[in-house]
Amino acid sequence: GFGRKHSTAVRHNAFRRLLEKHIFCGMAGAVDRARVEASDVVEDLFNAGVRFAHLSRDNERRTKAFGHELGLETDWNSCIDLNEQSAAFSTQSSPMLGGGGVTKLPRGIGAVRPHLRDVDNVPLLVSMFCNCQPRTVREMVQIYQENCELVCVVGSCGAPLSASVFAQADVAVSVRPLAPACLWIGLEPPRAASRRRATPHLETPKAPRRARYVEAAAAGAGPAGGWGESELGAAEMLDSACCVAVLPDGHDLEQLTEWLLQGRSFLSNTRQAVFFGGFASIVLELLLIVADWTRLPPPQTPFQLLWVLLVLVPLLAFPLVLGPVDPRNKKEMVSKNEDHLANAPSAALYLVLRALPGAAGLCLLFAVFLDVAGDAAAAPPPPPPPTEML
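Each residue of the sequence shown is one higher than the one before, counting from 50 in the working numbering.
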């Protein structure tokens with residue numbers, strides 16, 4: 050014990066001698082910061098019924114710190130560790146109930162499916178995942194899809210490992226990364242000596258890395274002198290090949306919610322157009338069935354029927370697709386995909402019952418028209434007017 054204390058004192062004295070006659074100027078560090086509008090975007094997605102999940106490569110502590118900036122819940126049981134090695138040394142690796150009947154979250158990607166099968170669906174509701182690798186991210190996206198979830202992945206196009214995740218997702222949007230920024234605390238920035246500030250502020254360099262690449266490409270520098278804009282653009286284009294859109298650097302993330310509103314409005318308008326076309330087809334089919342059942346001649350010839358179904362109905366349904374954007378669709382709580390499949394028989398029965406009175410009414414009008422036309426044809430011709438003899 051004495052030797053250990055003596056060695057510690059010696060180290061402290063040596064370190065103190067190294068710091069003699071030195072002046073502490075500052076401290077440099079690197080930290081991931083969320084964009085200013087990120088928390089508002091997450092809140093808008095939550096109000097629109099879209100569940101947001103943050104999958105990070107960092108540990109649980111740093112993931113929760115970044116999730117707090119995004120406005121996510123960072124309480125207990127709010128983050129799942131997807132690393133298999135950490136799950137091997139954890140007592141929570143198997144799905145079980147803790148004290149007081151509280152469910153413990155699974156640890157490791159291999160424990161997520163057994164938890165969903167044997168315990169509950171809490172892993173599908175968690176908003177943060179830490180220690181994620183590309184393989185575990187793809188596996189987690191597949192787990193979402195197996196549970197009838199439509200997955201949209203938003204990631205950086207500057208990361209080569211994001212391409213496989215983009216390909217796994219149902220919808221993918223890539224974001225070009227921002228230029229690095231410097232945080233000055235208590236010191237005046239190099240290019241703002243005339244403006245003294247005591248509060249921390251952010252300063253973006255005037256010549257970021259991408260600008261230097263552009264200058265190198267313009268000067269004719271190849272891979273030996275640094276990658277140019279064309280090489281970086283080609284890499285980002287290949288990584289974003291599976292994405293439906295690419296957000297440029299410096300672009301507002303609220304564009305995601307605008308795309309969500311436009312997509313939902315377009316889907317609602319398309320659904321109305323499809324329902325209109327299906328309803329018109331059902332009415333024509335029921336019209337032919339009722340006419341045959343009542344021993345009436347066919348109301349339409351085959352050519353007329355094809356003309357109505359292939360020309361008139363699409364022309365009338367197409368303006369419904371181009372309808373205006375409805376702001377109420379932004380806060381519409383959509384159901385899961387399996388619910389739509391479960392309601393398909395009832396929806397078909399509803400359309401048939403809805404179209405049956407219209408088809409019966411058309412057959413009645415057709416029968417009345419035939420009766421009137423038949424009476425007019427069976428009536429004797431009027432006598433010719435009398436001629437006068439001069």
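The beta carbon of each residue, even a glycine, is placed where N, CA and C say it ideally should be.
Here the structure is a predicted model, which means the values were calculated and not measured.
Segment limits, alpha helix (DSSP H) that includes residue i
i       : result
Met-189 : 183-195
Val-362 : 362-370
Leu-354 : 351-356
Val-339 : 304-342
Glu-109 : 109-118
Val-90  : 87-96
Arg-162 : 161-167
Residue i - containing beta strand (DSSP E), residue span
i       : result
Ser-205 : 201-205
Ile-129 : 128-130
Phe-178 : 177-179
Identity of the residue in the options nearest residue i by Cα
i       : options                            : result
Gln-134 : His-300, Thr-185, Trp-308          : Thr-185
Glu-29  : Val-220, Leu-210, Val-214, Gly-204 : For residue 29 there is no data in the structure shown, the boundaries of the chain being 50 and 439.
Pro-183 : Leu-173, Asn-126, Asp-107, Pro-226 : Asp-107
Ala-114 : Gly-75, Pro-348, Leu-68, Ala-83    : Ala-83
Trp-125 : Asn-132, Glu-118, Lys-153          : Lys-153
Gly-157 : Asp-167, Pro-209, Glu-188          : Glu-188
Val-203 : Ile-129, Leu-337, Gln-304          : Gln-304
Leu-411 : Glu-109, Trp-308, Gln-349, Gly-312 : Gln-349
Asp-81  : Phe-415, Leu-398, Ser-127, Leu-119 : Leu-119
Ser-88  : Asn-62, Thr-306, Val-214, Arg-313  : Thr-306
Thr-416 : Val-383, Arg-377, Leu-345          : Inspection of the sequence shows that residue 416 is occupied by Ala rather than by Thr. The shortest C-alpha separation from Ala-416 is found at Leu-345.
Pro-297 : Phe-315, Leu-287, Pro-351, Ser-223 : Ser-223
Thr-343 : Leu-413, Lys-379, His-300          : Leu-413
Ala-371 : Arg-313, Asp-169, Arg-100          : Inspection of the sequence shows that residue 371 is occupied by Leu rather than by Ala. Nearest of Arg-313, Asp-169, Arg-100 to Leu-371, Cα basis: Arg-313.
His-103 : Leu-131, Arg-66, Leu-287           : Leu-131
Contacts around residue i, its chain only, beta-carbon distance under 8 angstroms, and the 5 residues preceding and following it disregarded
i       : result
Gln-194 : Val-200, Asp-219
Phe-325 : Val-362, Leu-365, Ala-366, Leu-369
Ala-404 : Phe-328, Ile-331, Val-332, Leu-335
Ala-322 : Ala-366, Phe-367, Leu-369, Val-370
Ser-205 : Ser-211, Ser-223, Val-224, Arg-225, Pro-226
Leu-95  : Contrary to the premise, residue 95 reads as Phe rather than Leu in this sequence. Hits under 8 angstroms: Phe-101.
Residue(s) in a DSSP beta bridge with residue i
i       : result
Met-382 : Partner(s): none; Met-382 has no beta bridge.
Val-214 : According to DSSP, which records beta bridges pairwise, Val-214 is partnered with nothing at all.
Val-220 : Cys-201
Leu-296 : Val-224
His-103 : Met-177
7 angstroms CB neighbourhood of residue i in its chain, flanking five on each side removed
i       : result
Glu-122 : Ser-176
Met-145 : For Met-145, the pLDDT reaches just 47, beneath the cut-off of 50, and the residue's location in the model is therefore unreliable, although a value from the coordinates is still provided. Counting only Cβ-Cβ distances below 7 angstroms, and skipping sequence neighbours, we find Lys-153.
Cutoff 8 angstroms: residue i Cβ touching any chain D Cβ
i       : result
Leu-402 : Although the question refers to chain D, the structure presented lacks it and comprises just one protein chain.
Neighbourhood of residue i by C-beta, 6 angstroms cutoff - its chain only, sequence neighbours within 5 removed
i       : result
His-117 : Thr-123
Asn-318 : Leu-369, Val-370, Gly-372
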